[in-house]
Structure formats: C-alpha cells, structure tokens
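Visitor:
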Amino acid sequence: MEFKVLQSEFSRALLTSGKSILSRANLPILSNVLVKAGGTNIEVVSTNLETATRVKMGAKVGSAGEITVNGKLIFEFVSQLPGGELKFEKLGEEVVISTKGYGARFTTMPPEEFPAIPTIEKGVSIEVDSRQFVKKVSRTVFSAAQDEGRPILTGVLCEINKNRIRMVATDGYRLGYEEIEMDALKNLPSMKINVPARALGEVAKIISEGILQEEQEKNEKKKINILISDALNQINFKIDGVEFTSRLIEGEYPNWQKIIPSVFNTKVKINRVEFIKLVKITSIFARESGNIIKLKFEPSTGTRSGKLSVLATSSQVGSSEVDCEVGIAGKGGEIAFNYRYLAEVLSAIDDEEINFEMNESLNPGKITGTNLKDPYFHIIMPVRLQS
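With the UniProt record's numbering, the residue at position 127 of the sequence shown is 127, and numbering never jumps.
1) The beta strand (DSSP E) that contains GLN316, what's its start and end?
2) Please report how far the alpha carbon of LYS192 lies from the alpha carbon of GLY62, in whole angstroms.
3) Mapping DSSP to helix, strand and coil, what is residue 436?
4) Does the Cβ-Cβ distance between ILE335 and SER361 come in under 7 Å?
5) Could you tell me if ALA231 is buried or exposed, where buried requires 16 or more neighbouring beta carbons within 10 angstroms of its beta carbon?
6) For the stretch 148-160 and the stretch 265-276, state whether three or more C-beta atom pairs, one from each stretch, are separated by less than 8 Å.
7) Could you give the DSSP three-state label for ASN41: helix, strand or coil?
8) If you reduce the DSSP assignment to three classes, tell me which class ASN187 lands in.
9) Quick one: which unbroken beta strand (DSSP E) runs of 3-plus residues sit fully inside the stretch 58-117? Chain order, please.
10) What does the Cβ neighbour count give for ASP183, buried or exposed, with the cut at 16 atoms within 10 Å?
11) Could you work out which residue in GLY172, ARG247, GLU325 is closest to HIS378 when comparing CA atoms only?
12) Closer than 8 Å is the cut-off here; do at least three beta carbon pairs connect the stretch 92-103 with the stretch 144-152?
13) Mapping the DSSP letters down to three states, classify TYR177 as helix, strand or coil.
14) Does the stretch 238-245 come within contact of the stretch 340-351, defined as at least 3 CB pairs closer than 8 Å?
15) Is VAL44 near SER17, with beta carbons less than 7 Å apart?
16) So the candidates are PHE142, ASP323, GLY123; which of them puts its Cα closest to the Cα of ALA169?
17) Within 10 Å of its beta-carbon, does GLN146 have 16 or more other beta-carbons around it, so buried, or fewer, so exposed?
18) Could you tell me which of LEU81, LYS36, THR368, ASP323 sits nearest to PHE297, measuring between CA atoms?
19) Considering only C-alpha positions, which residue in the set GLU250, ALA286, ILE292, LYS307 is nearest to PHE337?
20) Where GLY369 and ILE228 are concerned, what is the direct C-alpha to C-alpha distance, given to the nearest angstrom?
21) When you compare only the Cα positions, how much space is there between ALA343 and PHE133?
22) Going by other Cβ atoms of all chains shown within 10 Å of its Cβ, with 16 needed for buried, is LEU30 buried or exposed?
23) Can you tell me where the beta strand (DSSP E) holding PHE264 begins and where it ends?
24) Out of LEU73, LYS222, ALA286, GLY332, which has the shortest C-alpha to C-alpha gap to GLY306?
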C-alpha cells in the first residue's frame with residue numbers, strides 16, 4: 001500500500017475523523033483510524049461504535065490497500081509537517097510517513113479487526129443549507145442533557161411535519177426550540193427522531209472548521225445531505241467528501257410543550273450585550289453560591305425608566321448588584337436562575353436586543369430574539385428564592 005497526498009488535506013481528514021475516536025477506548029482498535037487507498041482516492045474512517053466518520057479525498061495511489069493506525073498520534077505528527085505532498089507507505093507491519101526531510105514510523109493493527117461501518121440502504125433524504133444547519137444546531141444542542149442517566153434527554157428531538165423540522169432539546173432545567181422551514185419538506189412523511197446532541201454538535205463543528213471557510217473563499221453555498229433510515233435507528237450526514245453516521249436514540253421523548261407558559265404578565269426588552277455583561281459581573285460571586293443570580297425587574301414610573309437589577313450573594317466572598325435601564329411592560333417581579341444557563345442562551349442569540357418574559361418567581365422564564373421571523377425561543381426553569 002502506497003500513496004501520496006497533500007499534507008493540508010490529510011491533516012484535515014485526520015482532524016475530522018477524530019470526532020469519532022474515543023480518548024480512552026476499551027478496545028485498542030477504536031483508538032485507530034482505518035486508512036483505505038484505491039483508484040484515485042483515499043478514505044480515512046473512524047468509529048466509537050455509536051458514531052462513525054468517513055472522509056474521502058483525492059490522492060496519487062501507487063498501490064491499493066488498507067491499514068489501521070493510531071488516530072491521535074498520526075494526526076499530531078502530520079499536523080506538524082510542512083505543507084506540500086507527503087508519502088504514506090506500508091512496510092511490513094508498519095506505516096512510514098515522510099516528506100521534505102521529515103519521517104516517522106507507526107505500528108499498525110490488522111484492518112480485519114476494525115468494526116464494520118453500517119450503511120443506510122433505504123431512507124428519507126433531506127438537503128439543508130450548511131450555514132442554516134450550523135446556526136440551528138448551535139442554538140439547541142447546549143440545552144440537551146449531559147447526564148447519561150437520562151439518555152432520552154441527551155438528544156435533540158426532530159419533528160418533521162409538513163414543510164418544517166421542529167428541533168427541541170431539554171435537560172429538564174431549560175429548553176431550546178428551533179425550526180427549519182423548507183418547501184422541499186412538504187413531500188416527506190411525518191416523523192419524529194431523537195438525534196444525539198453530541199453527534200449534531202460534532203457535525204456542526206466539522207462544517208464550521210473548514211467547509212464554511214471554503215464557502216467564503218469560493219463564494220458558494222453548500223448543502224448538507226441528511227439521510228434517515230427507514231427503520232428510524234440511524235442517521236447519516238454527508239457534505240463535501242465527509243460522512244458522519246450516528247445511531248438514533250430510542251424511546252418516547254417527554255411532552256415538552258406542557259412546560260411552556262401560554263401567557264406572561266411581565267415582558268422586558270433588554271440590550272443583549274449589556275445583559276451578558278451584567279451576568280458575567282455577578283457570576284464572580286454566584287460561582288460560590290450554586291451559580292445562582294437573581295433578576296429584579298422594576299417597571300417604569302413617571303420619573304424613571306424601567307430597571308433591571310442583577311444580584312448575587314456569597315457568604316464566603318461577598319455580593320454584587322448591577323443594573324441597567326430596560327423597557328418593561330407589566331407588573332415586574334423577581335426571579336432567580338443558574339447564571340450559566342442565561343450566559344449560554346444570550347451567547348446563542350445574535351440580535352441586538354432580546355425579549356424576556358416571566359410570570360411569578362417559580363414559573364419558567366422565556367427568552368427570544370426581537371426578530372419576529374425568527375422562531376427560536378429558550379425556556380429556563382427558575383431557582384427557588386429564599387426569603
């Protein structure tokens with residue numbers, strides 16, 4: 001087995017394939033990537049048995065073959081090499097990589113030990129603009145649960161119905177909602193799938209790390225092809241020579257709509273950057289007291305504008321209170337949140353101002369942007385205030 005390939009392309013392929021490599025794999029073969037050469041292409045494949053990544057690129061193939069080699073080590077070496085063409089050659093039980101005075105040997109494992117990567121024979125295919133995909137995913141995945149103790153909540157519920165995909169993620173303390181609307185969806189059957197949030201996040205990173213940059217350089221728009229198996233147990237993402245496959249999460253997703261209030265008695269418009277600043281300042285003290293900050297909304301009077309005060313207190317460190325002018329409609333009130341939840345959603349929205357809505361101190365709060373055409377919203381459950 002022997003081929004020549006550009007260092008930049010091979011390094012990017014190894015970086016991308018690393019998305020499906022476990023840092024501490026129980027099976028040594030899962031720390032490896034499978035490198036296949038044939039025709040005028042090579043493939044770099046990785047898997048952790050839950051997800052799999054396949055990257056295809058052009059190369060000068062001298063002799064076909066396949067091997068497996070430690071993915072992390074080979075990436076660390078290749079990424080440090082100078083640009084240009086490098087040579088990849090199998091010699092006995094080793095692989096030799098060389099270019100311009102640099103060279104290294106890597107031990108290999110038999111390719112027969114590498115797990116078979118499942119393919120989706122039949123399924124529903126969807127094409128989505130890559131930039132839209134990254135934006136929608138980035139605004140929902142952080143709301144999914146990290147705790148594997150509730151596996152159903154570690155995914156993003158995707159409901160396909162009529163001409164839209166509704167995306168919902170929640171960890172029980174917050175909920176993010178997004179929509180992708182396309183006429184091309186009208187002919188698809190209605191379905192619900194639960195996609196692992198980690199998998200969606202990795203696909204968004206793959207696109208952001210290289211493909212979106214290429215779009216800007218070439219002034220072109222790329223689409224990501226999504227294939228959902230008819231059995232609703234697998235999903236495949238394909239874009240620009242990269243394939244990412246993941247299992248879907250089985251089980252019934254909770255009724256998320258019941259936690260969303262239908263009406264609010266207080267509505268506030270806040271400058272987003274100013275709000276982030278207030279949250280960051282008070283978080284210095286909140287970190288010592290369970291990450292809790294209190295929001296106090298005071299409606300405008302005849303002599304002053306509406307005011308938002310953000311407070312945090314720690315018996316060990318001290319306290320902080322900061323405020324800013326806001327527009328308030330309604331009665332006002334107080335409510336407390338985990339500051340991390342606020343910081344994350346405020347960073348996910350790119351509008352200049354945000355809308356915050358609430359009822360009483362123990363009812364969920366709702367955050368949206370000010371663009372009425374943007375369907376995104378975020379619900380945060382409050383923390384009980386101590387009297």
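Here a beta-carbon is modelled for each residue, glycine too, at the ideal position from N, C-alpha and C.
Guide: According to the data block:
1) Going by DSSP, GLN316 is part of no beta strand (DSSP E) at all; its letter is neither H nor E.
2) 47 Å
3) Only positions 1 to 387 of the chain appear in the structure, and residue 436 is not among them; the question remains open.
4) yes
5) exposed
6) no
7) strand
8) helix
9) 60-63, 65-70, 85-91, 94-99, 102-109
10) Under the 10 Å beta carbon count, ASP183 is surrounded by fewer than 16 other beta carbons and is classified as exposed.
11) GLY172
12) no
13) Judged by DSSP in its simplified three-state form, TYR177 adopts strand.
14) No, because fewer than three Cβ pairs between the stretch 238-245 and the stretch 340-351 fall closer than 8 Å, the two stretches do not touch.
15) yes
16) PHE142
17) The residue is exposed, with fewer than 16 neighbouring Cβ atoms inside 10 Å.
18) ASP323
19) ILE292
20) 31 Å
21) 22 Å
22) buried
23) Unbroken run through PHE264: none, as it is neither H nor E.
24) GLY332
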